[in-house]
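Read the structure below first, then the notes.
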Amino acid sequence: MLFPHSAPSIAETAATPPLEVRGLTVAYNRKPVLWSADYTAPARGLIAIVGPNGAGKSTFIKACLGLVPAVSGTVKVHGGPVAKRRALIGYVPQRETVDWDFPASALDVVAMGRYAMIGWCRPVGRAHKEAARACLDRVGMADFADRQIGQLSGGQQQRVFLARALAQEARVYFMDEPFAGVDAATERAVIQVLRDLDHAGRTVICVHHDLQTVADYFDHVLLLNTRVVAAGPVATTLNAETLRQTYGGRLGPGDVPMAGRDRAPDPGRDLAPLERGVA
Amino acid sequence: MNPADVIATLTLQAGFNSAVVVAGTACLGVAAGAIGGFMLLRKRALVSDALSHATLPGIALAFLIATGLGLEGRSLPVLLTGALVSGLAGVLAIQAITRHTRLPEDAAIGAVLSVFFGVGVVLLSHIQTLATGNQAGLKTFILGQTAAMNQGEALALGALALAALAAAGLLFKEFRLLCFDPDFAAGQGWPTRRIDLALMGLTTLVTVIGLQTVGLILIVALLIVPAAAARFWTERLWVMVLVAAALGGASGWIGASLSALVPRLPAGAVIVLVAGALFLVSFLAAPARGVVATALRQARLRLAYAEQAALAAHEAGHPLDASPAIMAWLRLRGLAADGVLTERGRAAASAADRNRRLWERFLIRYPTLIPGQANWGIDPIDRVLPADMVRDLETGPAGMAHREIAG
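Okay, structure coming up:
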C-alpha cells in the first residue's frame with residue numbers, strides 16, 4: 001500500500017519524545033552539510049534552530065522529513081520512523097521554494113494540507129475545504145481565500161504556508177524560516193499561531209534566522225553549525241560562549257542577545273512606535 | 001480552396017478519410033493540451049522536447065533489429081516500441097546527468113536532445129543505403145504524415161484523449177501538489193517519484209502516439225503551446241487544463257482540415273501554426289493576463305495618478321500646470337476647459353485632495369496593511385476601507401485596533 005497511512009494513536013506515542021535524532025549526517029560532497037547530529041526535542045515549548053548561513057539548518061529539517069537522503073543516522077518522530085509517522089508531521093517550507101505565479105488560490109494551497117487525509121484520486125470535498133478555510137482564518141487571511149497566490153504580499157504568502165501546515169492537523173511541525181522577510185502583522189500572526197500550537201500540546205521546530213527574537217519567541221534552542229553546538233532551554237543555552245562557538249567570529253558585539261537581557265516587551269512592539277508616530 | 005470545401009472539411013463532411021484524420025488529430029491535440037498543462041507547470045516543457053527527439057534512434061534501431069531478425073521492419077508496433085524505449089532512455093539520461101553532475105538541467109536537455117537526434121539521423125542514413133531501406137519511410141516520423149492516418153489509428157488517438165483527460169481528472173490533486181510543491185508532497189508522504197513518473201509516462205504516451213501525426217520535431221509544440229496559451233486566460237488550474245485541452249483540440253482540428261484542403265502542405269507544421277495563432281490571440285487578447293489588457297490597465301492607472309496629481313496640486317493653490325496630454329485628458333473628462341478647471345473639475349480636485357490625504361495617513365498609520373485589490377492612493381478610499389476606519393483616519397491620530405482589510 002502506498003498511501004494513506006493511519007496515524008498512530010495518542011496513547012501509543014504519548015510518552016515518546018516528539019523528535020529523536022541520532023547521528024544524523026548529510027553530505028553531498030566532501031564536507032558534510034550536517035555532521036553526526038544528535039537531538040531530542042522536549043515535549044513542550046517552542047523550539048528554534050539557530051545557526052549561521054550554511055550551517056545545515058534547513059538540511060536538518062529536510063533530513064528529518066526524509067526529503068534529502070542522510071548518509072547515516074536515525075530520525076524518530078514520537079517513537080517511530082518518519083515514514084510511519086507522516087500523518088503526525090506538518091511542514092512549512094521556505095517561501096522561495098515554490099513558484100507563486102502558479103494558478104491557485106490561497107484556499108487551494110491551504111487545502112493541500114488535507115490531501116494526505118483525502119487520499120488518492122479523490123477530490124477535495126466540502127468538509128476539507130471548510131477546514132482549510134478555518135485555517136486561513138486562524139492566520140488572519142480568511143478574506144483572501146479566493147485570491148490568486150501571486151497577488152498576495154510576501155507576508156501573506158508566508159501565512160498561507162502556515163495555514164496549509166495547520167490544515168495538516170499535525171502533532172510535530174517543522175518550519176523553515178517562517179519569519180523570514182515578513183511584515184510586522186505577519187510576524188504577530190505567526191507567533192500567535194505558534195503559541196496556540198504550543199498550548200495545544202503540539203511541537204513546533206522552527207529554523208530561525210533572527211538572533212534578536214530567539215529569546216522572545218522560543219523556549220528551547222538548538223544551536224547548529226554543521227554539528228550540534230548546544231541544545232536546551234533558551235535561558236541556559238543561549239549565551240555568549242555558545243553563540244561564539246556557533247557563529248565563530250562572525251558576530252558583532254550588539255548581536256548577542258542573552259535571555260532576559262535587552263528583551264523586547266512583546267511581539268506587538270513593532271507597531272507601537274509607528275502608531276505613536278502618526279500624532 | 002473554396003469556402004464550401006473549408007466548411008465541409010471542418011465539419012467532417014468531406015469524405016470518410018478526411019473526417020478520420022481531422023477527428024484523430026483533434027483527439028491528439030486534446031490529449032497533448034491536457035497533459036501539457038501539467039508539464040508546463042512542472043517546468044518540464046523542454047524535457048518533453050528532448051523526449052520526442054530521443055525517439056528517433058529507437059525507431060531506426062527497431063527497424064534494423066526487426067529487419068535483421070527477418071521480421072517486417074515497418075510494422076508500427078515495432079517502430080513505436082523502439083520510439084518508446086529510446087525516448088525513455090533519453091529522459092533517464094537527462095535525469096542521471098542532472099542528479100550526478102553539477103550541470104544544470106537545460107544543459108543536460110540540450111546535450112541529450114541533440115546527441116540522440118544525431119544518432120537517429122546517422123542510423124536513418126544508414127538505413128537508406130540498405131536494399132530494404134528505401135521503402136522504409138521512416139523519415140515520415142520526423143515531420144509526421146497526418147494524411148496517412150487510418151481508422152484504427154484515429155480510434156487509438158481517441159482512446160488516448162480519453163485516457164489523458166481521465167488521468168488529469170483522477171490525479172488532478174496529486175499533479176497539482178507535485179507541480180506546485182514537490183517537497184511538501186514528499187513531506188506528506190506522497191510518492192512524488194511515482195506521481196512524476198505517471199506524468200512523464202502520460203507525456204511519453206502522447207509523444208509516441210503522436211509521432212506519426214505531427215512528427216517528432218513538432219509534437220512538443222502541441223504539448224506546450226496550447227498550455228502556455230491557456231495560462232493567459234485563467235488563474236485556476238482546472239480551467240487552465242481544460243482550456244489547454246480545448247485549444248490543443250482546436251489546433252488539431254483546424255490544422256488537419258487546412259492541410260487536407262491544400263495539397264502538399266505538411267500537416268504537422270500547419271497544426272503547430274494554428275496552435276501558434278491561438279497562442280498569439282491569447283497572448284494579446286486574454287482579459288486576465290494578456291498583454292493588451294495589462295497595458296490598458298497600466299495606462300489607465302497612470303492616467304488616474306496623473307489626473308489626481310494635477311487636481312491635487314491645483315487644490316493646493318498651484319496653477320493648473322500639466323502636460324498637454326494630461327490637459328487633453330482633463331478636457332475629455334469635462335474637468336477642465338480653456339486651461340482652468342470647470343466647476344466639476346473643482347469638485348473633483350477637492351475630492352482628490354481629500355482622498356490623497358487619507359491614503360497618505362493610512363499609509364503612515366497602517367504600513368503593513370494591504371487593502372485588497374485597491375489601487376493605492378487613487379481608488380476612492382471610502383470604497384476600499386470600512387467606514388469606521390475612514391472616519392478614524394479623518395479624525396486624526398487616535399489609532400484604532402490593528403486589523404487587516406480585505407478588498
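Protein chains in written order, with my numbering: chain P, 1 to 279; chain W, 1 to 407. For every residue, glycine included, the Cβ atom is placed at its ideal position computed from N, Cα and C.
Apart from the five residues just before and just after L330(W), which ones in its own chain have a Cβ nearer than 6 Å to its Cβ? A336
Would DSSP call T25(P) helix, strand or coil? strand
Identify the continuous alpha helix (DSSP H) that holds H314(W) and give its terminal residues. V291 to E315
Classify E174(W) as buried or exposed, calling it buried when 16 or more other Cβ atoms lie within 10 Å of its own Cβ. buried
For F362(W), tell me which candidate among V208(W), T395(W) and E105(W) has the shortest Cα-Cα distance. T395(W)
Any C-beta of chain W sitting closer than 7 Å to the C-beta of P253(P)? Confidence at P253(P) is low in this model, with a pLDDT of 48, below 50, so the placement of that residue is unreliable and no value is reported for it.
Expressed to the nearest angstrom, what Euclidean distance is found between the alpha-carbon atoms of G201(W) and G33(W)? 15 Å
For a test of the three-state rule: what should DSSP assign to S154(W), helix, strand or coil? For the record, residue 154(W) in the displayed sequence is Ala; it is not Ser. In the structure shown, A154(W) sits in a helix (DSSP, three-state: H, G or I).
Within the 7 Å Cβ cut-off, does E236(W) reach chain P? First, the amino acid is wrong: residue 236(W) is Arg here, not Glu. Cβ-Cβ to chain P under 7 Å: yes for R236(W).
Along the chain, where does the beta strand (DSSP E) containing R227(P) start, and where does it finish? R227 to P233
At least one CB of chain W closer than 7 Å to the CB of V77(P): is that the case? no
Does any residue of chain P have a CB that is nearer than 7 Å to the CB of L177(W)? yes
Could one say the Cβ of F60(P) lies closer than 7 Å to chain W's Cβ atoms, at least one of them? no
Would you call the region 17-34 of chain W in contact with the region 197-217 of chain W, where contact means no fewer than 3 C-beta pairs closer than 8 Å? yes
Mind checking whether V229(P) and T213(P) have CB atoms under 7 Å apart? No, the Cβ-Cβ distance between V229(P) and T213(P) is not below 7 Å.
Three-way DSSP call (helix, strand, coil) for M175(P) in this model: strand
Can you list, in chain order, the residues of the region 181-201 of chain W whose Cβ is nearer than 7 Å to any Cβ on chain P? D181, D183, F184, A186, G187, Q188, G189, W190 and P191
What did DSSP end up calling V221(P) once you bin it into helix, strand or coil? strand
For R365(W) and G345(W), the rounded distance between their alpha carbons: Cα-Cα distance, rounded: 30 Å.
In chain P, which residues lie less than 7 Å from K139(W) when you measure between Cβ atoms? What K139(W) touches in chain P: nothing, since even the nearest Cβ is about 39 Å away.
Mind listing which residues of the region 85-104 of chain P have their C-beta closer than 7 Å to chain W's C-betas, in chain order? R86, I89, Y91, P93, T97, V98, F102, P103 and A104
Is the distance from the Cβ of L28(W) to the Cβ of L157(W) below 7 Å? The Cβ atoms of L28(W) and L157(W) sit closer than 7 Å to each other.
Taking beta-carbon pairs under 9 Å, can you tell me which members of the region 327-339 of chain W lie near chain P? Hits within the stretch: zero.
With 16 other Cβ atoms within 10 Å as the buried cut-off, status of T294(W): exposed
Give me the chain B residues within the contact set of L171(W), using Cβ-Cβ distance strictly less than 9 Å, ordered along the chain. Absent from the structure: chain B. Protein chains present are P and W.
Which one of D183(P), Y115(P), S72(P) and K76(P) has the shortest CA to CA distance from L171(W)? Y115(P)
Distance cutoff 7 Å, beta carbons only. Does Q148(P) sit that close to anything in chain W? yes
Euclidean distance between Cα positions of V270(W) and A26(W): 13 Å
Within chain P, the residues that R231(W) reaches when beta carbons sit closer than 8 Å: Those within 8 Å of R231(W) in chain P are P103.
So which of A309(W), M39(W) and A89(W) has the shortest CA-CA distance to V225(W)? M39(W)
Within 10 Å of its beta-carbon, does H318(W) have 16 or more other beta-carbons around it, so buried, or fewer, so exposed? exposed
Segment contact, 8 Å Cβ cut-off, at least three pairs: the region 143-152 of chain P with the region 279-287 of chain W: no
Rank I89(P), D176(P) and L243(P) by C-alpha distance to the C-alpha of T203(P) and give the top, closest one. I89(P)
Taking only the alpha-carbon atoms, compute the straight-line gap between W238(W) and Q128(W) and give it to the nearest angstrom. 47 Å
Assigned secondary structure, P253(P) (DSSP; H/G/I helix, E/B strand, else coil): With a pLDDT of 48 at P253(P), under the threshold of 50, the modelled position of this residue cannot be trusted; read the value that follows with caution. The answer is helix: DSSP assigns P253(P) an H, G or I state.
Please confirm whether G36(W) and L223(W) have their CB atoms less than 7 Å apart. Cβ atoms of G36(W) and L223(W): closer than 7 Å.
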